[in-house]
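In this note's numbering, each residue's number is its place in the sequence shown (first place is 1) plus 110. This report refers to the structure that appears directly beneath it.
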Amino acid sequence: MELLEKRIQSDGIVKKGSVLKVDNFLNHQMDIALFNEMGKEFKRLFKDRPINKILTIEASGIGIACVAAQYFQAPVVFAKKAQSINIDGDVYSTRIESFTHKRVYDVMVSKKYLRPEDHILILDDFLANGCAVNGLIELIESAGATVEGIGIAIEKGWQIGGKTLREKGYQVESLAIVERMDEQTGEIFFRN
């Protein structure tokens, strides 16, 4: 998606350790007009899939998923990273390692929001090693639901997540695939 790539080029900051900082428009401060265009693109990419629910993980995927959901006319469910008194009853749970935060989270979704009849689109802000997406797939499979596709705002193409998911047969659509970044110059190179 050329619009997103241009925004990453103009506002993204390359940090040490293969970190791409896009917090001024994607995952701290959110550019809703950009999210709207991303939502339209996700709908175009998955238009032939019978999606009735969108699943993401807190926190950075929620904004993208909520804006995209209006094009699918589907509710958004997000996996919570911490138990709270608001989650009542049985839950599906798994453990997910965060590339960015370098820690493992127990994530959960109430069983009343993931059902066997659900056809789910996973949406998230980043795809690196694929730990978060694989955890969400595990939750969906635990519910007996169907993964209809995986939509990602920014994929780090040099890391294994996207390749592994595609090899497993999932439709993975990333709006921008960063092929490499130069920590010295701050340059960002995209896959064509």
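Where a beta carbon is used, it is the ideal one built from N, C-alpha and C, also for glycine.
Check	Outcome
Nearest by alpha-carbon distance to D228: which of E207, Y215, E251 and I123 is it?	E251
Looking at C-beta atoms only, is the number of pairs between the segment 257–276 and the segment 115–133 that lie closer than 8 Å three or more?	yes
Checking contacts by CB at 7 Å: is F236 closer than that to chain C?	This model lacks chain C altogether; it includes just one protein chain.
Just how far apart, CA to CA, sit Y181 and V187?	15 Å
Per the DSSP calculation, H229 is bridged to which residue(s)?	T256
Ends of the alpha helix (DSSP H) at Y223?	Taken as a continuous stretch (DSSP letters only), Y223 belongs to no alpha helix (DSSP H), as it is neither H nor E.
For the segment 229–237 against the segment 201–208, do three or more pairs of beta-carbon atoms, one drawn from each stretch, fall closer than 8 Å, so that the two count as touching?	no
Let me confirm a value: G272 is counted as buried when at least 16 other C-beta atoms fall within 10 Å, else exposed. Which label applies?	buried
Helix, strand or coil: how does DSSP classify R276 here?	helix
Using three-state DSSP, classify E207 as helix, strand or coil.	strand
Can you give, in chain order, each stretch of the beta strand (DSSP E) that sits fully within the segment 124–153 and has at least 3 residues?	129–131
Assess, as a yes-or-no matter, whether the segment 241–249 is touched by the segment 162–176 under the definition of 3 or more beta carbon pairs within less than 8 Å.	yes
Within its chain, find whatever has a CB closer than 6 Å to the CB of V132; leave out the 5 residues flanking it on each side and keep chain order.	G122
Count the other CB atoms, across all protein chains shown, that sit within 10 Å of the CB of A192; report buried if there are 16 or more and exposed otherwise.	exposed
Can you check DSSP and say which residues form a bridge with Y215?	I206
Across the segment 167–179 and the segment 129–149, are there enough close Cβ pairs to call them in contact, namely three or more that are closer than 8 Å?	yes
So F300 packs on E115, CB below 8 Å; how close in whole Å?	5 Å
Just tell me which of N302, P226, E283 and T274 has its CA closest to the CA of R290.	N302
Roughly how many angstroms lie between the CA atoms of R213 and Y223, to the nearest whole one?	26 Å
Just the C-alpha distance for M140 and I172, rounded to the nearest angstrom, thanks.	11 Å
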